[in-house]
Structures are given as C-alpha cells and as structure tokens.
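Position 443 (the sequence shown) corresponds to 443 in UniProt numbering; numbering is contiguous.
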Amino acid sequence: MIDIPLLHIEEAYDDSPAFRRKLNNAEAALATLDSNIKKVVGVALQLDYIAKEYSEKNELLADSLQQLCALKESATGDASLVSKEVIRMTTALKSIEEGRKMALGQIKDLFLDPMTKFSTEHIAPVKKYGDEYRKATASFESAHSRYATIPPKGPGLEKAAKDVEDARKEVHRKAVEYCYRLNDVDLRRKFEIVESITALMFNQTSFYHQSHEHMADVEPTMRIITGHIQSLRSEYQHIKANTDFTSVLREATSAHYNPTFKPPEVVHFWGSEEEDGKVPPLKAGYLYKKGSSKMRTVWNRRWFEILGAGSLRYVSEYKDDEHSTIDIRTCRTKETESLDRRHCMEIISPHKSLVLQADNEWELKDWIDALQVASTTPPGQPVVLPNAPKVALYRDSVTTGSPTSPYSDAPRNAKAIGDQKTASDETSAKFATDFAANASSSTVKVPLAALHDDANAWAKD
C-alpha cells in the first residue's frame, strides 16, 4: 500500500526546499493512492457485473439440468432415484448461487461505497487545499518581489512590507492546513481502506463457507451416483457385447417393405401402457384419407386406430395430440371404387363419410373385416377381432437377455392373452392356448429388455 510521507507542521513556517520536496512527494503519493483506489473500484464493479451474469447462467444451468433429468411423478425404480439425486445436486447449485447473489449485494455496502467515499470525501478535498497553497505561494512571491524592488527611502515601503506580511501569513496558514490534511488522509487510509478490504474478505469467506456446506451435504449423493454410473456403464458394455441389432434387418424380407406384397405376421408395438396410460388399439396403421377440398381432390396420409370401445380414431402424421374420433357402431363400411386410386373403402356415418385407401388388397380386406366386426359388437361389450394382429406393450421392468425380433410369432417371455392366428409351430400354439384362458384382452405384455432397442427402433419406423 502507498505510504504518504509524514509532514511536520513546524517546517511549514520556513517553507524550505526540503519542505517543498517532502510536500511534492506527499502529493505524488496521494495521487497514486487515489489512482489505485479508483482502479480497485473499477475492477470490483466489472467483477460484480460478471459475477451476477455468471450466477444467472449457473442458475439457468441448474434449471436445465433439472429439466433434463426430470421424470414423471409416478416414476419408480432406479431411474426415479437417480433423478431425485440429480435434482438434489442441482438444488445445491441453486442454493450456492442464491448465496452468491446475497454476497454480491453486500459488497456494495461493505466495500465499494466506503472506497468510493474515501476517494471523494477525503482525497479530493486535500487536492483542493494543495491548489490553494500553491496559489498563496504565488501571491507571496509576487508581493515579495515588489517589496524587493523598492529603492532606499523610496515611497510605498511600508505598504509593500505589509503586503508581504499578509501574503506570508496566508502561505503559512495554507501550508499548515495542507500538511494537516495530507497527514489526516494517511492516518485514515491505514484503517478505513484496510477495514473495507477486511469486510470484503469476510464477505467472501462467509459465501465460500456456505457453499462448502452445500456441497458437503450432497457429497454422499455424488458418491452414490458415481457408483451407480459405474454399474450402468458395466451393464451397458455387457449388453453391447452380447447384442446384434442387425439381426432385425437380416430377418426382414421384401414383404416387410414392399406394399404390393401380402403383409407378414409381425408383432406390432402401437403404444406403451406404462408410458401414456393408454390401452393399445386393436388394429392400427396408416391409410390415405380423401379430403373434401372444393378446388381439387386431396389425399392425406393419416394414422388410424380401432379402439376396444368400438371407435375409430385418426390422427395427423406425427401429431398424436390432434385426433378425430368416429363411433364405428353407427357406421357402415364397404369397399368402393375410385377413378384415381386403388384399394379404397368407404365408411358411411350419419354425419359424414370417409373414403380411405389401403396399401394393398390384403390390408384393405383386413380393415373392412375389422371395422365390420367392431360395428356389429353390442354396446358395453369389448370388441374382439377374430383375426386381430399381435400387439405388444413395453413394460418398465428391465431384464437382461437376448433381443427378440419383432418378426417372430411372439416376443420372448411374453404372456399371450389374445389369440391372433392358427398356430403352426410350438410358439404359436402356446399363444393360442393362453388366449383361451384370457379372452377378454388382446394385449401381449413384453419385458422391455427382452425386445431391446432394435425392436423399439423398428416400432418407431
């Protein structure tokens, strides 16, 4: 820290070159002190701005992490525990930033204002006393010069001597005041500036101590999460080493892709009961729907579902939240001919009619048969399709095992509760046997890991 040389007031009377040299050194030290204080205040203001922006970004990061790891309130198991622990850690980050904001708010009162006040209320007035001292010195030099030029026995000697007396008295007074102010600033500097710095350090100590407590509280959580991460990594490496996702592609034939072929028997994944609370449809798929534009004929590709309650729902492509529903029990379905389209059918309801197009004749027949069965099922009874496709649901329970292709007759470890086709092999026979005991549903529940990611990807496609 810059020291201002101590000035002895007694030396001000003689106004010697040594005194003036000490005075100049004190002035230079005062100017350096003022410059350093302003620099410190400027840096502190910049740091305050940056710290507030940093704190806001940290809070935004914590909120984003919570959104990233958030699960449904009904979620259970390891995923729920991990999510809660991550939220606990991010909450600690937010608590730290709340403490940082509080600390930043105190810095102004504890450090910035006292430092600025010292510069404006104590250093600036001293500079004013210095200007007055130099002005008085110049007046004294001028008066003394006039006194020295008066010849012996010349007129005006007494007046010139009186002017010198008054000017020297003023110089002495200004010099004493200036010395006193310089010494006073130096004495104040030793405790006021240091006091402000100490208050800043106490402020930072309190903040970092509280931050350490927050992090210490979540340290056990971090250790638990670290162990869980290692377990998940090992499980992932095991699954990756024992999984061949390309088997799905190798088992696929042209019939799985070409719309002119008869569709093969596959297990369909049309919904997840645990995911959205919905019961999967009895039959679903894409059909072209004829629009009602007056200018031209428009065909739009839509996703159609026959629900167990006896209704037909269709949604926009990739927009499951925008749908329309028709009560099939009040409709009549028939095959129809179109001049510009093949494989068309018409659903006639009391309010409107729908003209739909299937990919091929087999799909068209399946849709017409399913709609006719649904329309003739008595109210209050569930719709049971005699040739219903095989439908599977994902379960949240995760078990290890080899992946099962969606092209097989039934997923591995699946409990069949809906008869789909006449079985020609052992698996299909079991499928039909289980249906006899559970004819009230056509849903197959499948462990998630048994189907694995390749089947999941196929279902999305």
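By construction, the Cβ of each residue, glycine as well, lies at the ideal position given by its N, Cα and C atoms. Fair warning: this is a prediction, and the values are worked out from it, not measured in the lab.
Check                                                                                                                                                                  : Outcome
Determine, using beta carbons only, whether Asp327 comes closer than 7 Å to chain C.                                                                                   : In the structure shown, chain C cannot be found, because there is only a single protein chain.
Look up Glu305 in the DSSP assignment and give the residues it is bridged to.                                                                                          : Ala284, Arg313
What would DSSP say about Ala252, mapped onto helix, strand or coil?                                                                                                   : coil
Looking at the secondary structure, which residues open and close the alpha helix (DSSP H) in which Met295 lies?                                                       : That residue, Met295, is in no alpha helix (DSSP H); it is neither H nor E in DSSP.
Please report the straight-line C-alpha distance between Ser311 and Glu251, rounded to a whole angstrom.                                                               : 35 Å
Which residues in the same chain as Ala284 place their Cβ atom closer than 8 Å to its Cβ, once the five residues preceding and following it in sequence are excluded?  : His268, Trp270, Trp303, Phe304, Glu305, Ile306
Go through its chain and collect everything with a Cβ distance to Ser424's Cβ below 7 Å, but skip five positions before and after it.                                  : With a pLDDT of only 32 at Ser424, under 50, the local geometry of the prediction cannot be trusted, and no value is derived from it.
Determine the direct distance from the alpha carbon of Gly42 to that of Leu182, and round the result to whole angstroms.                                               : 24 Å
Leaving out the 5 sequence neighbours to the left and right, which residues in its chain are closer than 7 Å to Ser353 when beta-carbon positions are compared?        : Glu346, Ile347
Assign Phe191 to one of two classes, buried (16 or more other C-beta atoms within 10 Å of its C-beta) or exposed (fewer than that).                                    : exposed
Distance, Cα to Cα, Phe140 vs Glu11?                                                                                                                                   : 17 Å
Should Pro280 be labelled buried (16 or more other beta-carbon atoms within 10 Å of its own) or exposed?                                                               : buried
Just confirm the distance between the C-beta atoms of Ser196 and Pro125, as a whole number of angstroms; I'd bet it's less than 8 Å.                                   : With 8 Å as the limit, Ser196 and Pro125 do not qualify as a contact, their Cβ atoms being about 19 Å apart.
Can you tell me whether Thr32 is buried or exposed? The criterion is at least 16 other CB atoms within 10 Å of its CB, across all chains shown.                        : exposed
Please return the same chain residues whose Cβ sits closer than 6 Å to the Cβ of Ala374, not counting the five positions on each side in sequence.                     : Ile306, Gly310, Ile328, Val383
So which of Val171, Glu158, Glu59 has the shortest CA-CA distance to Asp131?                                                                                           : Val171
For His122, collect the residues of the same chain with a Cβ closer than 7 Å to its Cβ; drop the 5 residues on either side in sequence, then sort them by chain order. : Val185, Arg188
Any idea which residues DSSP pairs Lys390 with across the strands?                                                                                                     : Val267
Given Gln106, which residues of its chain have a CB within under 8 Å of its CB, disregarding the five upstream and five downstream residues?                           : Asn203
Would you mind stating whether Pro259 and Asp340 have Cβ atoms separated by less than 7 Å?                                                                             : no
Inspect the beta-carbon positions of His214 and Ser95 and report whether they are closer than 7 Å.                                                                     : yes
What is the DSSP secondary structure of Thr399, counted as helix, strand or coil?                                                                                      : Only weak support is given to the placement of Thr399: the predicted model assigns it a pLDDT of 37, under 50, and the question is left unresolved by the model.
What does Val383 pair with, by DSSP beta-bridge criteria?                                                                                                              : Answer is none; Val383 lacks a bridge partner.
Decide if Ala102 is buried, meaning its Cβ has at least 16 other Cβ atoms within 10 Å, or exposed.                                                                     : Residue 102 is actually Met in this sequence, not Ala. When all chains shown are included, Met102 counts as exposed.
In whole angstroms, what separates the C-alpha of Phe245 from that of Tyr236?                                                                                          : 14 Å
Leaving out five residues on either side along the sequence, give the residues of the same chain with a beta carbon under 7 Å from the beta carbon of Ala175.          : Ala12, Asp15, Tyr133
Entirely within the region 91–158 and at least 4 residues each: give me those alpha helix (DSSP H) ranges in chain order.                                              : 113–118, 124–148
In this structure, how does DSSP classify Leu356 when only helix, strand and coil are distinguished?                                                                   : strand
State the Cα-Cα distance for the pair Glu426 and Met295, rounded to the nearest angstrom.                                                                              : At Glu426, the pLDDT of 42 sits below 50, so the modelled position is not reliable; the number obtained from the coordinates is stated separately. Distance between the alpha carbons of Glu426 and Met295: 56 Å.
For the putative contact between Leu112 and Ala44, defined by C-beta atoms under 8 Å, what is the C-beta separation to the nearest angstrom?                           : 6 Å
For the candidate residues Gly308, Asn36, Lys128, Ser83, whose alpha-carbon lies nearest to that of Pro378?                                                            : Gly308
Kindly indicate which three-state DSSP category Thr260 falls into: helix, strand or coil?                                                                              : coil
Report the option in Gln357, Asp366, Ser142 whose CA atom is closest to the CA atom of Pro386.                                                                         : Asp366
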